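Counting from 2, one number per residue, gives the positions in the sequence shown under my numbering. Here is the structure we will look at, set down as structure tokens.
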Amino acid sequence: MGTEMIRRKPVTTHVHGPAARIGWFLLYLEALLVPLFLTWLSLGPRDPKPGEAVALSLGLVAFSALVVAVILPARVSPLIAAFGIETILRIHRSIAKAAVVLVVLHLVAVLIEDRRHFAVFDLAHTTWAARAATCSTLALVLMVGLAITRPTRQPRYEGWRLVHNALAWIVLLTAWLHVWWLRHLISKPLLTIWFCGTGLLVAALTVRRWLWLPLRASRRSYLLDEVRHEPGDGVTLTIRADRHAGVPFNAGQFAWLKFGSTAFVFEEHPFSISSTAQRPQVKQFTIKALGDYTELLSGLRPGRRVFLDGPYGGFTIEGYDGSSGFVMIAAGVGITPLLSMLRTLADRRDRRRHWLIVAARTVEELMLRPEIEEVRQRLNLKVVEVISRPGPEWIGEAGRISGELLNRYLPRNPARLNYFLCGPAPMVHAVSHELSARGVPLRRIHTERFGAV
Numbered sequence: 002m003g004t005e006m007i008r009r010k011p012v013t014t015h016v017h018g019p020a021a022r023i024g025w026f027l028l029y030l031e032a033l034l035v036p037l038f039l040t041w042l043s044l045g046p047r048d049p050k051p052g053e054a055v056a057l058s059l060g061l062v063a064f065s066a067l068v069v070a071v072i073l074p075a076r077v078s079p080l081i082a083a084f085g086i087e088t089i090l091r092i093h094r095s096i097a098k099a100a101v102v103l104v105v106l107h108l109v110a111v112l113i114e115d116r117r118h119f120a121v122f123d124l125a126h127t128t129w130a131a132r133a134a135t136c137s138t139l140a141l142v143l144m145v146g147l148a149i150t151r152p153t154r155q156p157r158y159e160g161w162r163l164v165h166n167a168l169a170w171i172v173l174l175t176a177w178l179h180v181w182w183l184r185h186l187i188s189k190p191l192l193t194i195w196f197c198g199t200g201l202l203v204a205a206l207t208v209r210r211w212l213w214l215p216l217r218a219s220r221r222s223y224l225l226d227e228v229r230h231e232p233g234d235g236v237t238l239t240i241r242a243d244r245h246a247g248v249p250f251n252a253g254q255f256a257w258l259k260f261g262s263t264a265f266v267f268e269e270h271p272f273s274i275s276s277t278a279q280r281p282q283v284k285q286f287t288i289k290a291l292g293d294y295t296e297l298l299s300g301l302r303p304g305r306r307v308f309l310d311g312p313y314g315g316f317t318i319e320g321y322d323g324s325s326g327f328v329m330i331a332a333g334v335g336i337t338p339l340l341s342m343l344r345t346l347a348d349r350r351d352r353r354r355h356w357l358i359v360a361a362r363t364v365e366e367l368m369l370r371p372e373i374e375e376v377r378q379r380l381n382l383k384v385v386e387v388i389s390r391p392g393p394e395w396i397g398e399a400g401r402i403s404g405e406l407l408n409r410y411l412p413r414n415p416a417r418l419n420y421f422l423c424g425p426a427p428m429v430h431a432v433s434h435e436l437s438a439r440g441v442p443l444r445r446i447h448t449e450r451f452g453a454v
């Protein structure tokens with residue numbers, strides 16, 4: 002297939018706007034409240050006492066929160082496109098913590114109402130429903146505790162991830178069994194349908210995540226073509242499709258990478274694609290050495306088989322053909338998805354005016370400067386480099402990306418452009434605030450925050 006340009010219909014990303022995020026939020030509220038509504042719709046006037054009603058309500062909402070927390074990181078493409086993987090993981094952590102609080106309150110209500118009180122925790126002489134509840138609670142507390150202490154303990158990522166996933170499924174399975182074995186809820190037809198449907202949904206997402214996605218990646222594997230070291234402690238991996246036309250993607254999206262003889266290896270990490278979307282048979286990933294895994298990538302040899310799970314994400318230029326131009330602002334390795342966008346625009350012979358503002362601490366940490374210069378020659382592109390710790394020889398912009406700097410380089414009517422910000426969360430937040438202060442509508446500010454997954 003060589004290096005000829007392949008033009009494909011863009012992967013749809015009409016699910017990443019504000020309306021999509023509101024829709025997902027309403028769906029989340031529905032997941033929390035529908036079982037509660039069905040319960041009170043099904044129960045008769047004599048069924049629950051006040052204390053039982055409180056315990057029941059807390060337990061149902063806690064169970065629903067657990068289901069949502071498990072579904073969030075299951076790699077549902079529209080969900081990732083709407084929020085971005087970093088935001089999804091933050092929501093996942095928040096919901097998991099909220100579930101712990103709800104479970105504790107549920108236990109307190111049960112202990113107050115149940116005549117057995119603490120004897121309910123005597124696993125040798127209690128019911129199977131109580132045993133399942135105890136197991137689920139202990140696994141949940143352990144899982145959240147390990148997650149909260151992870152930054153201080155700094156365990157190896159893959160080992161922590163394996164334990165975290167195992168505990169998550171123990172929590173959800175035993176919580177589901179707890180509700181099932183209680184029987185007084187499952188005796189209601191509407192709730193039976195809801196709980197069975199919930200179980201089937203989670204099971205289907207599990208099969209998709211751990212079986213179907215690896216099988217799909219196996220059919221569309223790549224081979225490592227080149228490993229190139231980059232200034233700024235980075236490495237660029239070039240991979241080429243092995244006997245297929247390549248996996249199409251939108252410029253700005255990312256994929257999880259796996260290396261090995263099978264797509265079922267457990268270790269994988271997400272990286273943004275930095276190459277043009279016009280040639281999906283060849284993909285590049287420029288990665289900064291930030292941990293054990295990224296440091297090992299520099300030692301890979303050409304010929305290794307590579308499996309991709311993706312593409313994912315709604316951080317893309319697709320759907321904005323009516324924009325007067327794009328302003329792209331990056332810090333550090335955040336340049337990678339923006340370079341993919343610029344390369345794609347250049348390959349499409351885009352004639353609009355664009356801006357690229359790149360920030361780094363030192364000149365040596367500016368990544369992909371030759372690639373940016375190459376694409377600048379093919380676009381109507383203004384490139385601004387900002388160094389926060391400049392040396393005496395630096396004659397460009399110094400400091401941080403401030404409102405004053407934006408005023409110097411942006412046109413008089415900045416609200417007519419679309420803005421793509423990528424990098425560490427503090428930079429993205431600060432620049433987003435500066436743009437909003439200059440009258441740029443939030444719908445025109447598109448962000449991607451890089452952090453540890």
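For each residue, glycine too, the CB sits at the ideal point set by N, CA and C. Just so it is clear, the structure is predicted and the values come from calculations on it, not from any experiment.
Do residue j and residue i come within 8 Å of each other at the CB atom, strictly closer than that value?
i, j, result
"residue 39", "residue 192", "yes"
"residue 255", "residue 313", "yes"
"residue 411", "residue 356", "yes"
"residue 400", "residue 435", "no"
"residue 104", "residue 141", "yes"
"residue 385", "residue 301", "no"
"residue 425", "residue 332", "yes"
"residue 199", "residue 136", "no"
"residue 97", "residue 62", "no"
"residue 308", "residue 264", "yes"
"residue 252", "residue 194", "no"
"residue 130", "residue 213", "no"
"residue 287", "residue 275", "yes"
"residue 321", "residue 284", "no"
"residue 110", "residue 56", "yes"
"residue 107", "residue 160", "no"
"residue 398", "residue 406", "yes"
"residue 395", "residue 364", "yes"
"residue 25", "residue 90", "no"
"residue 71", "residue 248", "no"
"residue 165", "residue 143", "no"
Which stretch, first to last residue, makes up the beta strand (DSSP E) that contains residue i?
i, result
"residue 240", "235-242"
"residue 269", "Per DSSP, residue 269 belongs to no beta strand (DSSP E) and is neither H nor E."
For the alpha helix (DSSP H) containing residue i, name the first residue and the last one.
i, result
"residue 114", "86-114"
"residue 416", "Element bounds for residue 416: n/a, residue is neither H nor E."
"residue 443", "Counting along the chain, residue 443 falls outside any alpha helix (DSSP H), and DSSP gives it neither H nor E."
"residue 230", "No alpha helix (DSSP H) contains residue 230, which is instead part of the beta strand (DSSP E) from 223-231."
"residue 198", "190-208"
"residue 406", "404-410"
"residue 172", "158-183"
"residue 139", "129-149"
"residue 345", "336-348"
"residue 220", "214-220"
Can residue i be considered in contact with the ligand PLP, in the sense that its beta carbon sits closer than 7 Å to one or more heavy atoms?
i, result
"residue 55", "The ligand PLP is not among the ligands present in this structure, which contains no ligands whatsoever."
Give me the DSSP bridge partner(s) of residue i.
i, result
"residue 381", "354"
"residue 423", "331 and 449"
"residue 285", "239"
"residue 259", "308"
"residue 388", "361 and 399"
"residue 313", "255"
Pick out whichever of the options has its Cα sitting closest to the Cα of residue i.
i, options, result
"residue 240", "304, 204 and 263", "304"
"residue 279", "250, 354, 286 and 215", "250"
"residue 441", "201, 419 and 310", "419"
"residue 378", "78, 24, 343 and 243", "343"
"residue 36", "322, 58 and 424", "58"
"residue 429", "371, 359, 189 and 315", "359"
"residue 244", "219, 153 and 262", "219"
"residue 370", "354, 113, 235 and 211", "235"
"residue 373", "340, 365, 394 and 381", "340"
"residue 326", "352, 306, 317 and 311", "352"
"residue 201", "68, 287 and 60", "68"
"residue 54", "222, 397, 214 and 114", "114"
"residue 210", "446, 270 and 74", "74"
"residue 456", "84, 23, 238 and 345", "Residue 456 is absent from the model: the chain starts at 2 and stops at 454."
"residue 257", "231, 83 and 215", "215"
"residue 451", "270, 376 and 77", "270"
Decide yes or no for the touch test of the segment 295-312 against the segment 388-395: beta carbon pairs closer than 8 Å, at least 3 of them.
-> no
Would you say the segment 163-174 touches the segment 123-130, given that touching needs at least three Cβ pairs under 8 Å?
-> No contact exists between the segment 163-174 and the segment 123-130.
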